[in-house]
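In the numbering used here, each residue's number is its place in the sequence shown (first place is 1) plus 109. Glycine residues also receive a C-beta, built at the ideal position from the N, C-alpha and C atoms. In this text, all values refer to a predicted model and were calculated from it rather than measured experimentally. Here is the structure we will look at, set down as structure tokens.
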Amino acid sequence: MAIEKEKKTCGQVMAEWREGIWNPRTHQFMGRTGTSWALILFFYLVFYGFLTALFTLTMWVMLQTVDPYIPKYQDRLSVPGMMIRPKTDTLDVTFNVSNTESWDRYVKMLNDFLEPYNDSIQAATNDACRPGRYNEQPDNGVLNYPKRACQFNRTVLGACSGLNDPTYYGYADGRPCILIKMNRVINFFAGANQTMNVTCAAKKEEDAQKLGEMVMYPPNGHIDLMYFPYYGKKVHVNYTQPIVAVKFLTLEANVEHSVECKVNAVNIATTDERDKFAGRVAFKIRVNRD
Numbered sequence: 110m111a112i113e114k115e116k117k118t119c120g121q122v123m124a125e126w127r128e129g130i131w132n133p134r135t136h137q138f139m140g141r142t143g144t145s146w147a148l149i150l151f152f153y154l155v156f157y158g159f160l161t162a163l164f165t166l167t168m169w170v171m172l173q174t175v176d177p178y179i180p181k182y183q184d185r186l187s188v189p190g191m192m193i194r195p196k197t198d199t200l201d202v203t204f205n206v207s208n209t210e211s212w213d214r215y216v217k218m219l220n221d222f223l224e225p226y227n228d229s230i231q232a233a234t235n236d237a238c239r240p241g242r243y244n245e246q247p248d249n250g251v252l253n254y255p256k257r258a259c260q261f262n263r264t265v266l267g268a269c270s271g272l273n274d275p276t277y278y279g280y281a282d283g284r285p286c287i288l289i290k291m292n293r294v295i296n297f298f299a300g301a302n303q304t305m306n307v308t309c310a311a312k313k314e315e316d317a318q319k320l321g322e323m324v325m326y327p328p329n330g331h332i333d334l335m336y337f338p339y340y341g342k343k344v345h346v347n348y349t350q351p352i353v354a355v356k357f358l359t360l361e362a363n364v365e366h367s368v369e370c371k372v373n374a375v376n377i378a379t380t381d382e383r384d385k386f387a388g389r390v391a392f393k394i395r396v397n398r399d
């Protein structure tokens, strides 16, 4: 015959629960004496202290091998890529001449991008370097930081500088400017001591006539050697990379144009099909007229 288990009262349950937390007869807290708790806490203090010390030592040793100015490993390609301004997600510049709102954001992008190139800022922060040669600044055993940067004045961009320009970089009259910049690569001597420039053309030869006439700033899309090499963001603190502007003078309206710009330099390949931005950039431009 089964014996019915005696049912505990609420008071008994609470008494047992309190005794589990603190037992006044054995002086145990949650089942352990003070000595036992002290030994456990001491063990974990020593254990985690050791782990912290080991991690700190490992980080300190690693940091001794890292140059604070030049990254030890660079994920950038040895061949610089190219990009345009104004920049859009799809590299597609489309606007309507008579609709100010359709091109106002492009103008704002160009203004923001070119602000550091203002002649007054360049004169105050950068050097007037000698053109035609690299601006090498070796350390020679003594850290030569920060490196001096060469001036690239906004006025060099002529009709694409946006200065005192009632056409707003040509977007108000359907003759827009596109700025082209070459991405920075640390310690890269672009041009291999020879002249280089940027050229733009229609991606398809049959579309060249529709693309019409273009003019480049600086003249011939020239990129001077004096802006190289680049020593890194922390070292070249005031560095302003050279840019080239292309102004489309006679774009056929209401037609999408595919344009490719590339840098012509002996040590920059522009034919790598695996990387369509290496030494070149392709974009679309469309000027609509009502």
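Unbroken alpha helix (DSSP H) run spanning residue i, endpoints
| i | result |
| --- | --- |
| PHE165 | Note that residue 165 is Thr in the sequence shown here, rather than Phe. Segment 143–172, the alpha helix (DSSP H) holding THR165. |
| THR203 | No alpha helix (DSSP H) holds THR203; the beta strand (DSSP E) holding it covers 201–205. |
| VAL215 | Note on identity: in this sequence residue 215 is Tyr, with Val being the wrong assignment. First-last of the alpha helix (DSSP H) with TYR215: 209–223. |
| THR308 | Taken as a continuous stretch (DSSP letters only), THR308 belongs to no alpha helix (DSSP H), being part of the beta strand (DSSP E) at 305–311. |
| ILE377 | Counting along the chain, ILE377 falls outside any alpha helix (DSSP H), and DSSP gives it neither H nor E. |
Per-residue DSSP class, three states only, for residue i
| i | result |
| --- | --- |
| MET110 | Legend: pLDDT at MET110 = 46, less than 50; position of this residue unreliable, no value from coordinates given. |
| GLN318 | helix |
| CYS269 | helix |
| ALA281 | coil |
| TRP126 | helix |
| TYR348 | coil |
Chain-order list of residues whose beta-carbon lies under 6 Å from that of residue i (same chain, five-residue window excluded)
| i | result |
| --- | --- |
| LEU360 | GLY321 and VAL396 |
| ALA362 | VAL396 and ARG398 |
| PHE138 | TRP131 |
| CYS286 | CYS269, TYR278, GLY279, ALA354 and LYS356 |
| THR379 | LYS371, GLY388 and ARG389 |
| ASN253 | GLN246 |
| THR209 | none |
| VAL375 | ALA301 and GLN303 |
| GLN231 | GLN260 and ASN262 |
Proximal residues to residue i (C-beta, below 8 Å), its chain only, five neighbours per side dropped
| i | result |
| --- | --- |
| LEU358 | ARG284, GLY321, GLU322, MET323 and VAL324 |
| GLY190 | MET291, ASN292, ASP384, PHE386, ALA387, GLY388 and VAL390 |
| MET110 | Confidence at MET110 is low in this model, with a pLDDT of 46, below 50, so the placement of that residue is unreliable and no value is reported for it. |
| PHE297 | SER187, PRO189, PHE337, PRO338 and TYR339 |
| ILE65 | The structure shown has nothing for residue 65, since the chain only spans 110 to 399. |
| TRP146 | PHE138 |
Nonlocal neighbours in the same chain, by C-beta distance under 7 Å from residue i, ignoring five residues either side
| i | result |
| --- | --- |
| GLU365 | LYS393 and ARG395 |
| ASN249 | none |
| LYS319 | GLU361, VAL364 and HIS366 |
| TYR348 | ALA258 and TYR339 |
Sheet register partners of residue i (DSSP bridge)
| i | result |
| --- | --- |
| PHE138 | TRP131 and ARG141 |
| ALA354 | LEU288 and TYR326 |
| ASP236 | CYS259 |
| LYS371 | THR308 and ARG389 |
| ILE295 | TYR339 |
| ILE332 | MET305 |
Range covered by the beta strand (DSSP E) that runs through residue i
| i | result |
| --- | --- |
| ALA391 | 389–397 |
| ARG242 | Per DSSP, ARG242 belongs to no beta strand (DSSP E) and is neither H nor E. |
| ARG194 | 191–194 |
So, do the stretch 334–350 and the stretch 266–277 have three or more beta carbon pairs nearer to each other than 8 Å? no
Do three or more CB pairs link the stretch 230–243 to the stretch 195–208 at distances below 8 Å? no
Whether or not the stretch 226–241 and the stretch 257–276 are in contact is what I'm after, with contact meaning three or more pairs of Cβ atoms, one per stretch, closer than 8 Å; do they touch? yes
Does the stretch 294–307 come within contact of the stretch 207–226, defined as at least 3 CB pairs closer than 8 Å? no
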